[in-house]
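Notes follow the structure.
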Amino acid sequence: MTETLNGFKTGLMALLDTQGQAQWSRDVTSITLENPSQFIRTFALASRRYPKSHLTSTDANRFTIPDHWRILDLVRVVFLLYAEQVLDKEFISLPQKLLITTDAEERWAVNYSLPYLKGSDALHDIATESLRTNIKSVFESLAHFNPYT
Numbered sequence: 000m001t002e003t004l005n006g007f008k009t010g011l012m013a014l015l016d017t018q019g020q021a022q023w024s025r026d027v028t029s030i031t032l033e034n035p036s037q038f039i040r041t042f043a044l045a046s047r048r049y050p051k052s053h054l055t056s057t058d059a060n061r062f063t064i065p066d067h068w069r070i071l072d073l074v075r076v077v078f079l080l081y082a083e084q085v086l087d088k089e090f091i092s093l094p095q096k097l098l099i100t101t102d103a104e105e106r107w108a109v110n111y112s113l114p115y116l117k118g119s120d121a122l123h124d125i126a127t128e129s130l131r132t133n134i135k136s137v138f139e140s141l142a143h144f145n146p147y148t
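Just so you know, we're using numbering that gives the first Met the number 0 here: the sequence shown kicks off at 0 and counts up by one.
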């Protein structure tokens with residue numbers, strides 16, 4: 000695991016209760032090279048499975064997580080980082096496929112993950128579209144407090 004993924008995962012496990020940790024473990028093990036489309040379902044269902052509460056500044060500082068993220072955002076960013084490792088070359092087309100069906104909050108997580116994912120033209124296209132959108136919260140998730148821009 001990368002250092003970033005390790006750090007985010009450690010923070011996430013500390014923030015989730017036992018039930019949330021068990022759910023996360025089931026969700027992560029469902030992301031496989033044999034079934035990459037399962038990632039999209041897992042990513043979409045996260046809003047029903049994990050808390051939407053904001054991180055406290057203490058928790059954010061303790062785990063080096065941006066303090067404007069919610070726990071749900073952290074879950075989704077960790078899913079993206081994990082999928083990038085597991086799916087390897089299959090991953091690069093996944094964010095574009097994901098964005099076809101995402102809502103604004105899911106798009107925030109994709110934008111939050113951009114600085115931590117390996118660079119490619121596909122990811123630049125995602126950033127460009129987020130900066131061009133008329134959805135204020137999507138624009139802000141990339142333009143404000145995001146080291147990608």
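Cβ atoms here follow ideal geometry from the backbone N, Cα and C, with glycine treated the same way.
Own chain partners of residue i with C-beta closer than 6 Å, once the 5 adjacent residues on each side are dropped
i    : result
PHE7 : VAL77
LEU4 : LEU80
Of the residues the options, the one placed nearest residue i, counting alpha carbons only
i      : options                      : result
GLU104 : LEU14, SER46, GLU2, ALA21    : SER46
PRO50  : ILE30, TRP23, PHE38          : TRP23
TYR115 : GLU89, ARG75, ASP102         : ARG75
LEU14  : ASN34, LYS117, PRO65, LEU73  : LEU73
GLU2   : GLN84, PRO35, ASN110         : GLN84
ASP102 : ASN34, PHE42, GLN37, GLN18   : PHE42
ALA108 : HIS67, LYS117, ILE91, ASN133 : HIS67
SER221 : ARG106, THR127, LEU122       : Any property of residue 221 remains undetermined from this structure, which presents the chain solely from 0 to 148.
Exposure of residue i, with buried meaning 16 or more beta-carbon neighbours within 10 Å
i      : result
ASP124 : exposed
ARG40  : exposed
ILE99  : exposed
ALA21  : exposed
SER112 : buried
LEU44  : exposed
Beta-carbon proximity list for residue i, same chain, < 8 Å, skipping 5 on both sides
i     : result
ASP87 : LEU32
GLY10 : ASP58, ARG61, PHE62, THR63, ILE64, LEU73
Residues that residue i bridges to, as DSSP identifies them
i     : result
THR31 : ASN34
ARG69 : HIS53
Same chain, Cβ closer than 7 Å to residue i, five either side skipped, listed in chain order
i      : result
SER52  : ARG69, ILE70
VAL27  : TYR81
PRO35  : LEU86, GLU89, LEU93
MET12  : GLN20
HIS56  : Sequence inspection shows Ser at residue 56; the His mentioned does not correspond to that position. If we look at SER56 and ignore the five residues flanking it on each side, its Cβ neighbours are ASP66.
LYS117 : GLU83
Chain B contact for residue i (CB, 8 Å cutoff)
i     : result
ASN34 : This model lacks chain B altogether, as it is built from one protein chain only.
Check: residue i C-beta below 7 Å from any heavy atom of the ligand GTP
i     : result
LEU93 : Inclusion of the ligand GTP in the displayed structure is not the case, the ligand content being empty and no account of it being possible.
Can you list, in chain order, the stretches of the alpha helix (DSSP H) that have 4 or more residues and sit fully within the segment 90-115? Listed in chain order, the complete alpha helix (DSSP H) runs (minimum 4 residues) inside the segment 90-115 are 93-100, 103-112.
Whole runs of the alpha helix (DSSP H) within the segment 1-63, excluding any shorter than 4 residues: As far as the segment 1-63 is concerned, its whole alpha helix (DSSP H) runs of at least 4 residues are 2-14, 17-28, 36-48, 56-62.
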